[in-house]
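So the sequence shown is numbered by our numbering: it starts at 1 and just counts up by one.
Report on the following structure.
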Amino acid sequence: MPAYRPLVRCSKPVLKQVKTWPEGATSALQDCFECTDWDMFREAATNGDSINLEEYTSSVTSYISKCVDDVTISKTITTRSNQKPWITANVRALLKQRDSAFRSGDKTAFKTARAKLPRAIREAKCAHAKKIHNHFQDSGNTRRMWQGIQAITNYKTTSPACDRDPSLPDAVNDFYARFKVQNNVMARKTILPPTDQHLIKKLNLLGLNTSLCNWILDFLTGRPQSVQIGNSISSTTTLSTGAPQGCVLSPLLFTLLTHDCAPTHSSNHIKFADDTTVVGLISKNKESAYREEVQRLTAWCGANNLSLHVDKTKEMVVDFRRAQSDQSPLIINGSSVEIVKSTKFLGVHLADNLTWSLNTSFITKKAQQRLYFLRRLRKAHLPLPILTMFYRGTIERILSSCITAWFGNCTVSDRKTPTEDSEDS
């Protein structure tokens with residue numbers, strides 16, 4: 001039998017730097033901001049008629065941080081893995097008084113501290129519970145609710161450890177712009193990147209007027225990009241291809257760019273979602289239409305400056321014939337496409353035998369990982385509406401994802417697994 005090791009011995013204590021706000025610190029900070037000439041930061045970042053926003057923002061934020069450091073007090077505290085979240089300074093002081101009285105042999109002081117300690121612990125627990133419940137008073141404030149869940153489950157985010165290398169932001173910026181073939185080249189209306197040439201040409205063919213096409217072109221070209229890691233900022237790279245990630249206009253432009261990528265055979269379908277998928281119906285061992293459609297898609301991608309990742313491309317063959325024959329793999333740009341037994345399409349796991357055991361096993365395992373948080377919330381005695389909302393938002397949505405596509409064809413055992421997990425939670 002393995003020996004039990006307490007949690008406090010498994011991990012070392014952690015030293016943390018915290019800032020405390022003494023009495024009068026807030027008013028002192030307000031007085032400091034009122035006496036500050038904020039125009040001097042703008043004047044220092046102004047060069048001619050333009051203002052360097054990065055320099056302006058950096059100087060203002062640095063000044064605010066300095067003012068905060070002047071009025072606050074930094075302390076180093078020790079946190080341990082078994083430290084209770086409800087322990088307050090009063091409880092900690094009573095614990096020290098009890099231990100000190102016990103070591104000194106003062107029975108009166110020990111009895112007094114021992115009598116006050118349970119009451120202080122109850123008050124600290126009640127205050128902590130009230131603080132947690134206040135996070136869930138407003139069901140529309142998701143930020144406060146998530147903070148309450150983090151406090152209950154002791155969930156802590158860890159920031160990625162980055163090397164203190166001043167050249168790291170430049171390396172990351174170059175990595176982000178590795179697909180941009182015309183970086184640091186100011187875009188002009190007469191010389192366009194290949195992708196923008198195809199896009200503007202297609203927009204004209206779709207009937208968009210010249211002013212709108214020029215507006216879209218101006219939006220896509222000459223975009224500055226930089227990366228900040230800590231206090232280090234990379235040099236600015238000018239991007240003249242692609243579209244900003246997260247922009248509302250990006251999916252619309254992608255749809256317009258790819259609108260002419262359509263199948264030529266009735267038994268083949270090309271669909272655009274997160275990935276591009278070619279579905280072919282092969283009858284009487286005639287694969288020419290299917291393979292021709294794949295080659296046509298490859299040629300279309302090459303003509304529109306879109307590269308196909310053959311290493312990430314997979315082929316799945318669904319064949320229920322009694323006499324099955326080995327399928328020759330597809331060849332794309334001289335490389336063979338891997339034939340797999342299962343694949344993931346839009347979050348649903350598909351198998352070549354069209355069973356759903358793999359999919360139900362995956363979603364069940366994913367839902368079970370989140371039942372721990374639901375149990376912690378129930379242990380914290382949160383109201384039923386909050387528990388129901390958390391269950392529906394984090395667990396039920398996983399179990400019911402694309403349920404209309406796979407649940408009707410599940411076996412009895414596959415249906416039983418997610419249903420039992422749903423009832424247990």
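In this text, a Cβ means the ideal position worked out from N, Cα and C, and glycines have one as well.
For this session: Give the range of the beta strand (DSSP E) segment to which Thr-343 is assigned.
Result: Here residue 343 is taken as the residue at index 343 of the sequence shown, counted from 1. Run containing Thr-343: 342-345, per the beta strand (DSSP E) assignment.
Exercise. Taking just the CA atoms, how far does Leu-208 sit from Leu-252?
Worked result: One-based indexing of the sequence shown puts residue 252 at position 252. One-based indexing of the sequence shown puts residue 208 at position 208. Taking the straight line joining both Cα atoms gives about 14 Å.
For this session: Please determine if the segment 117-125 and the segment 39-52 are in contact, where contact requires at least 3 C-beta pairs separated by less than 8 Å.
Result: no
Exercise. What separation, rounded to the nearest whole angstrom, lies between the Cα atoms of His-265 and Leu-256?
Worked result: Here residue 265 refers to the residue found at position 265 when the sequence shown is read from its first residue. Here residue 256 refers to the residue found at position 256 when the sequence shown is read from its first residue. So the alpha carbons of these two residues sit roughly 22 Å apart.
Problem set entry | N-terminal and C-terminal residue of the beta strand (DSSP E) that Gln-137 is part of | Locating residue 137 in the sequence shown gives position 137, where the first residue counts as 1. Careful: Gln-137 lies outside any beta strand (DSSP E) and carries neither H nor E.
For this session: May I have the straight-line CA-CA distance separating Val-429 from Ser-226, to the nearest angstrom?
Result: This structure leaves residue 429 out entirely; the chain is present only between 1 and 425.
For this session: Below 7 Å CB to CB, which residues in the same chain sit around Asp-170 once its five sequence neighbours on both sides are set aside?
Result: Looking up residue 170 in the sequence shown gives position 170. Around Asp-170: Ser-234 and Ser-235.
Problem set entry | Residues near Trp-86 in its chain [Cβ-Cβ closer than 7 Å; skip 5 each side] | Numbered from 1 along the sequence shown, position 86 holds the residue referred to as residue 86. Cβ neighbours of Trp-86 beyond the five flanking positions: Ala-124, Lys-125 and His-128.
Problem set entry | Given Arg-92 as reference, the closest of Lys-314, Arg-114 and Thr-108 once Cα atoms are compared | Residue mapping note: residue 92 aligns to position 92 of the sequence shown, counting from 1. Considering only alpha carbons, the answer is Arg-114.
Exercise. What are the partner residues of Lys-19, as DSSP defines its beta bridges?
Worked result: Along the sequence shown, read from residue 1 onward, the residue named residue 19 stands at position 19. DSSP, once it has assigned bridges, lists Ser-74 as partnering Lys-19.
Exercise. Is the shortest distance between the beta-carbon of Phe-345 and the beta-carbons of chain B less than 8 Å?
Worked result: Among the chains in the structure shown there is no chain B, since it carries only a single protein chain.
Problem set entry | DSSP three-state assignment for Arg-223, whether helix, strand or coil | Locating residue 223 in the sequence shown gives position 223, counting from the first residue. Of the three classes helix, strand and coil, the one that applies to Arg-223 here is strand, per DSSP.
Problem set entry | First and last residue of the uninterrupted beta strand (DSSP E) at Leu-350 | Locating residue 350 in the sequence shown gives position 350, where the first residue counts as 1. Counting along the chain, the beta strand (DSSP E) containing Leu-350 begins and ends at 348-351.
For this session: Could you spell out where the beta strand (DSSP E) holding Thr-388 opens and where it closes?
Result: To locate residue 388, count along the sequence shown from 1; it is residue 388. No beta strand (DSSP E) holds Thr-388; the alpha helix (DSSP H) holding it covers 384-391.
Exercise. Bridge partners of Leu-239, per DSSP?
Worked result: For the purposes of this step, residue 239 is taken as the residue at position 239 of the sequence shown. Answer by DSSP bridge pairing, in chain order: Arg-223.
For this session: Assess, as a yes-or-no matter, whether the segment 95-112 is touched by the segment 331-349 under the definition of 3 or more beta carbon pairs within less than 8 Å.
Result: no
Problem set entry | Outcome for His-309 when other beta-carbon atoms lying within 10 angstroms are tallied against a minimum of 16 | On the sequence shown, residue 309 is found 309 positions in, with the first residue counted as 1. Exposed, by the Cβ-count rule.
Problem set entry | Under the three-state DSSP convention, the category Lys-201 falls into | Here residue 201 is taken as the residue at index 201 of the sequence shown, counted from 1. Helix.
Exercise. What three-state label does DSSP hand Glu-287 in the structure shown?
Worked result: What you label residue 287 is simply residue 287 of the sequence shown in a count that begins at 1. In the structure shown, Glu-287 sits in coil (DSSP, three-state: anything other than H, G, I, E or B).
For this session: Give me whichever residues DSSP pairs with Asn-47 in a beta bridge.
Result: For the purposes of this step, residue 47 is taken as the residue at position 47 of the sequence shown. BP columns for Asn-47 point to Ser-50.
Exercise. With DSSP run on the structure shown, which of helix, strand or coil describes Ile-216?
Worked result: Start at 1 with the first residue of the sequence shown, and residue 216 comes out as number 216. DSSP places Ile-216 in helix when its eight states are reduced to three.
For this session: Kindly indicate which residue of Glu-55, Glu-43, Phe-33 and Asp-39 has the alpha-carbon position closest to the one of Lys-66.
Result: Counting from 1 along the sequence shown, the entry for residue 66 is found at position 66. Here the closest residue by C-alpha is Phe-33.
For this session: From the DSSP output, read off the bridge partner residues of Gln-228.
Result: Translated into the one-based positions of the sequence shown, residue 228 becomes position 228. DSSP output for Gln-228 lists Ile-233 as bridge partner(s).
Exercise. With contact counted as at least three CB pairs below 8 Å, one residue from each stretch, are the segment 133-152 and the segment 358-368 in contact?
Worked result: no
Exercise. Around the Cβ of Leu-192, are there at least 16 other Cβ atoms within 10 angstroms (buried) or fewer (exposed)?
Worked result: Position 192 of the sequence shown, counted from the start, is the residue given in the question as residue 192. The predicted position of Leu-192 is uncertain, since its pLDDT is 44 and thus under 50; no value can be drawn from it.
For this session: Within its chain, find whatever has a CB closer than 7 Å to the CB of Trp-21; leave out the 5 residues flanking it on each side and keep chain order.
Result: Within the sequence shown, numbered from 1, the residue matching residue 21 stands at position 21. Only Thr-72 meet the Cβ criterion.
Exercise. DSSP puts Thr-79 in a beta bridge; with which residues?
Worked result: By one-based count along the sequence shown, residue 79 stands at place 79. According to DSSP, Thr-79 bridges with Val-14.
Problem set entry | Counterpart residues of Ser-336 in DSSP-defined beta bridges | Within the sequence shown, numbered from 1, the residue matching residue 336 stands at position 336. Answer by DSSP bridge pairing, in chain order: Ile-331.
Problem set entry | Chain-order list of residues whose beta-carbon lies under 6 Å from that of Lys-19 (same chain, five-residue window excluded) | Numbered from 1 along the sequence shown, position 19 holds the residue referred to as residue 19. Closer than 6 Å at Cβ, skipping near neighbours: Thr-72 and Ser-74.
Exercise. If you count every other CB in all the chains shown that lies within 10 Å of the CB of Asn-173, and 16 or more means buried, which is it?
Worked result: The residue you call residue 173 lines up with position 173 of the sequence shown. Counting Cβ neighbours within 10 Å, Asn-173 comes out buried, since at least 16 surround it.
Problem set entry | Cross-strand partners of Glu-315 (DSSP beta bridge) | Mapped onto the sequence shown, residue 315 falls at position 315. Paired residues: Ile-339.
For this session: Pick out whichever of Leu-15, Ser-250 and Ala-25 has its Cα sitting closest to the Cα of Ile-77.
Result: Counting from 1 along the sequence shown, the entry for residue 77 is found at position 77. Closest option to Ile-77, Cα to Cα, is Leu-15.
For this session: Evaluate contact between the segment 369-388 and the segment 327-344, counting only Cβ atoms and requiring at least three cross-stretch pairs below 8 Å.
Result: no
Exercise. So, using beta-carbon positions, are Leu-374 and Leu-358 closer together than 8 Å?
Worked result: Numbered from its first residue, the sequence shown carries residue 374 at position 374. Numbered from its first residue, the sequence shown carries residue 358 at position 358. Cβ atoms of Leu-374 and Leu-358: not closer than 8 Å.
Exercise. Thinking just about the alpha-carbon of each residue, which of Glu-315, Ile-395, Leu-206 and Gly-230 is nearest to the one in Ser-328?
Worked result: For this step, residue 328 is matched to residue 328 along the sequence shown. Closest by alpha carbon: Glu-315.
Problem set entry | Counted within 10 angstroms of its Cβ, other Cβ atoms place Trp-406 as buried (16 or more) or exposed | Against the sequence shown, residue 406 aligns to sequence position 406. The residue is buried, with at least 16 neighbouring Cβ atoms inside 10 Å.
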